[in-house]
Amino acid sequence: MQSGSLTSMAGDVSERVSSLTRVIAVASGKGGVGKTNIVANMAMALSRAGKRVLVLDADLGLGNLDVLLGLVPEHTIEHVLAGTHCLDDVIVDGPGGIRVLPASSGVPQLTSLSESQQMMLMEQLEALSRDVDVLLIDTGAGISPNVTFFASAAQDTIVVVSPEPTSLTDAYALIKVLTRQYRERRFKVLVNMAKSPREAAEVFRKIDTAADRFLHVVLEYVGYIPQDDYVPLAVMRQKALLELFPASPAAQALTRLAGQVLQWPEPNFPKSAVQLLWQRLLQTTAVM
Numbered sequence: 001m002q003s004g005s006l007t008s009m010a011g012d013v014s015e016r017v018s019s020l021t022r023v024i025a026v027a028s029g030k031g032g033v034g035k036t037n038i039v040a041n042m043a044m045a046l047s048r049a050g051k052r053v054l055v056l057d058a059d060l061g062l063g064n065l066d067v068l069l070g071l072v073p074e075h076t077i078e079h080v081l082a083g084t085h086c087l088d089d090v091i092v093d094g095p096g097g098i099r100v101l102p103a104s105s106g107v108p109q110l111t112s113l114s115e116s117q118q119m120m121l122m123e124q125l126e127a128l129s130r131d132v133d134v135l136l137i138d139t140g141a142g143i144s145p146n147v148t149f150f151a152s153a154a155q156d157t158i159v160v161v162s163p164e165p166t167s168l169t170d171a172y173a174l175i176k177v178l179t180r181q182y183r184e185r186r187f188k189v190l191v192n193m194a195k196s197p198r199e200a201a202e203v204f205r206k207i208d209t210a211a212d213r214f215l216h217v218v219l220e221y222v223g224y225i226p227q228d229d230y231v232p233l234a235v236m237r238q239k240a241l242l243e244l245f246p247a248s249p250a251a252q253a254l255t256r257l258a259g260q261v262l263q264w265p266e267p268n269f270p271k272s273a274v275q276l277l278w279q280r281l282l283q284t285t286a287v288m
C-alpha cells in the first residue's frame, strides 16, 4: 500500500471516529507465566469499572481461557473460520459481565491463520465493535505467526514475564521479532509471580537493559502481580480470582492494573498498515 493511501485512510478515520475500541494484546515469550489468568481477571476488573469487555482467546489451537473460567462453549472460533457460524453464535457470557470468544483446543491447523481467515475474523469483529469498549487478546505463547500478528495488530501490547531466566530470554525473543519484522518500538512489560517489588523491578531492569542496548526499543514497566497462593486455588476451582478471592494480593494488584489501563492516553494512529486496518475495522462507529 502506498504511503499516500495510508495518509488518506488515516485522515478518513480521524474525521469519522470519536472513540475507538481499545485493542490490547497480552503476550508472553513462553507458557506458564500466568498470562491467561491475568487476561481473565483484568477483563473482569475492567468490566467492574463500567467497560464493555470482549476477550479473544487467540491461542487458536490450544485455547484454555474457557476452561480457566469454567465455561463450556458449544462452538468456538474454529466454526467462525469454517464459515458455519458467526461470532454472535460463538461468543459466550463470562463472569462479571465479560464476553469471551473461545478458541479451539487441539486443532493444529488453526495455529497459523491464512490471510483470508485473518480478514474474515477482522470483518466479523468490526460488526461487534460498537458494543465493545476494550478488546483483550490473549495470544498464544512464543513467536508463532499468529502471536506476532495479533500483537502487531493491537494498539497496546503487554508482555508478561516471570522471574524465571527462561521467561526473560523468551520474552526478549518475542520483542525482537516484533521489532524487526513489524517495526514495533514500544512495549509494556508486566512482571508476574514476583516475590517482592524489588524482585519485580530487577526482572524488568534486566529485560529493559537488553532491549535498549540491542533493539533500541522503549519498554514501559506497568507493575507486577505478586506470587499468591490464592491463584492456584482459583484455577483449580475454574473461577476468576477476582470472583473467589477479591481481597487477595494478586487480585488487588490486577484491579490496580485495570485502573492503570483506564488512565492510558488514547492511542495515536497506528505505526503500520496492519494496525491501521485494525483501527478501521474495530472502530466504534460514531457517524453513520
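Using UniProt numbering, the letters of the sequence shown map in sequence onto residues 1 to 288. Every residue, glycine too, gets a C-beta built ideally from N, C-alpha and C. Predicted model only: the values in this text are computed from it and were never measured.
Its Cα nearest to that of G223, the residue Q252 stands out among Q252, A49, Y172, D88. Under the DSSP assignment, G259 falls in the alpha helix (DSSP H) whose first and last residues are 249-263.
The closest CA to that of V132, considering only D89, A27, L242, A43, is found on A43. Looking at I38, I207, P102, the one whose alpha-carbon comes closest to that of G63 is P102. Looking at the backbone, the Cα of M236 and that of T76 are separated by about 23 Å. Along the length of the UniProt domain "AAA" (22-180), whole beta strand (DSSP E) runs at least 3 residues long occupy 22-28, 53-58, 99-101, 134-141, 156-161, reported in chain order. The DSSP-derived three-state label of K188 is strand. Rounded to the nearest angstrom, the gap between the Cα atoms of C86 and A127 is 10 Å. In the DSSP assignment, E220 falls outside any alpha helix (DSSP H) and within the unbroken beta strand (DSSP E) covering 218-226.
Residue range 197-210 is occupied by the alpha helix (DSSP H) that includes D208. With a cutoff of 9 Å on beta-carbon distance, G83 and T169 are scored as not near each other. L242: member of the alpha helix (DSSP H) spanning 241-244, first to last residue. Between A194 and N41 the beta-carbon gap is near 16 Å, outside 8 Å, which marks them as no contact. The Cβ-Cβ distance between Y221 and V177 does not fall below 9 Å. With contacts defined by Cβ atoms closer than 9 Å, K35 and A27 form a contacting pair. Here A194 is bridged, per DSSP, to P226.
Between G97 and L71, the gap from beta carbon to beta carbon reaches 9 Å or more.
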